[in-house]
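The sequence shown begins at 92 in the numbering used here and counts up by one. See below for the structure under consideration.
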Amino acid sequence: MSDVQQALDDVLHRVTSGSPRVPGVVAVVTDREGDVYQGAAGERVLGQGEAMTPDTVLTVFSTTKAVTGTTCLQLVEEGRLDLDAPARQYVPEIGELQVLDGFTDDGSPRLRPPARDVTTRMLLLHTAGFGYDFFNEHYHRLATEHGQPSVTTCSRASLQTPLLFDPGEQWEYGSNIDWAGLVVEAVTGRRLGEVMAERVFEPLGMADTSFTLTPQMRTRLARIHTRGEDGSLTPTDFEWPAEPELHMGGHGLYSTALDYARFLRMWLNDGAGPGGRVLQESTVAMAERNGLGELKVKGLPGVVPSLSNDAEFFPGLSKSWALTFMVNDEDAPTGRPAGALAWAGLGNLFYWIDRRTGIAGFWGTQILPFADPVSVQGYYDLETAAYRTLGAREPAGV
């Protein structure tokens, strides 16, 4: 067994055998040529004995976002989408949304027109003004006091929310990429999943990635678990709606670690995939740059404790946002250099893309709430072990 395999296997076995632990985990590390590590430990459903495997199907939550962003960038390349045009030109209903200026004495939302239009670039950068009810107190109040549907319903009504501020003025993580998915559908005249299948999944060989579960995928599905205050884990029956009204570009995909590593590898390879080019090299170079200017990514408060703890990657380090990834502005303690790309999914899935060094990795657990301490530390340990055992790599182009 190689040093890489042993070191990373040790991390997976540690997080599935300790106390507290995770029920099951799968991880893949890839370089530009292919996977340099595939591993899994634990169970798909705690207590049922079925082993987690690299091809286990996961509910991948917000790791969906980067795929949606990729389809937007493809349309930009074709001249069919202008990132800086008003998004209402493609999806008129986004132009009808107003800004929430707090609440009146009787609890009613106080609304006003926005100072400017939302653009698709703002959607991809999370500066349009949308939030999530589990990370934002105002959206949580709309949900609990005014019946605003959750984005987990995968419904059009769940996106009909006011803006939290004038477009372009702040960074707020939320349902922006769901709206970007509607832009893709409007431009192409097709459902988002069909666009992704043809333009991303097929050229990359991602046969196990979809907004709906095939019977074959279901046989390999891991269940979402909830962690109790005492550290215990309980399996749930959570799934996305079988026939979702909307293909939610912000969170609605199922996938596997093996499939997602193919997507990460495309970004390492300047947009090239085994079945053809997904993005142009110049587009990748544009998309990986910080797009926030002087704004910075901020921590995410756990407003709904059952869904998320307070969350922040590398507290104390400056973070920016690209199209559509977090960028660490400084070298991270794991060995990840400044300028790398990364993000996560609510069920404690995490990935990074280090285009300079030429390695990327994916970590998949299925636990709520987000920012589970065992999962996060395991992911950091995996990344640290990957950099330590893979050694110094030549920068791209050397």
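Glycine residues also receive a C-beta, built at the ideal position from the N, C-alpha and C atoms.
- G340 is positioned such that its CB atom lies no closer than 8 angstroms to that of P294.
- Each of V116, P114, R232 and R380 was checked against the Cα of F194, and the nearest Cα belongs to R232.
- The Cβ neighbour count for P205, taken over all protein chains shown within 10 Å, is at least 16; the residue is labelled buried.
- One alpha carbon belongs to P332, the other to G362, and they sit about 32 angstroms apart.
- DSSP places F194 in the uninterrupted beta strand (DSSP E) bounded by V190 to F194.
- By the Cβ criterion, the segment 217 to 232 is in contact with the segment 261 to 280, since at least three pairs of Cβ atoms, one from each stretch, lie closer than 8 angstroms.
- In its chain, beyond the 5 residues on either side, V275, V286, M287, R290 and V291 have a beta carbon closer than 7 angstroms to the beta carbon of T162.
- In the DSSP assignment, the residues bridged to I444 are L432 and A451.
- As DSSP reads the structure, E330 sits in no beta bridge.
- A straight line joining the alpha-carbon of G272 with that of T303 spans about 16 angstroms.
- For the pair of segments examined, the segment 101 to 110 was found to touch the segment 125 to 133: the number of CB pairs separated by less than 8 angstroms reaches three.
- In this structure, the CA atom of M297 is about 27 angstroms from the CA atom of A98.
- Counted as a single uninterrupted DSSP element, the beta strand (DSSP E) harbouring G115 occupies residues G115 to D122.
- When C-beta atoms of the segment 311 to 325 are compared with those of the segment 136 to 146, three or more pairs fall below 8 angstroms, so the two segments count as touching.
- In this structure L337 does not touch F225 by the C-beta definition: roughly 19 angstroms separates them, more than the 8 angstroms allowed.
- DSSP, read as helix, strand or coil, puts S108 in helix.
- Taking F152 as reference, the option from V182, R171, S346 and Q165 with the minimal CA-CA separation is S346.
- Under the 10 Å beta carbon count, A477 is surrounded by 16 or more other beta carbons and is classified as buried.
- DSSP places A348 in the uninterrupted alpha helix (DSSP H) bounded by A348 to L359.
- In the structure shown, the three-state DSSP call for H229 is helix.
- Closest in C-alpha terms to V119, from the list W412, P111 and T147, comes T147.
- If you draw a straight line from the Cα of R212 to the Cα of T305, it is about 33 angstroms long.
- Taking D328 as the centre and dropping the five residues before and after it, the same chain places no C-beta closer than 6 angstroms to its C-beta.
- Between L383 and the set F416, G436 and P392, the nearest pair of CA atoms involves F416.
- Only residues of its own chain outside the window of five on either side were considered, and among them V151, T154 and G455 have a CB closer than 6 angstroms to the CB of L440, listed in chain order.
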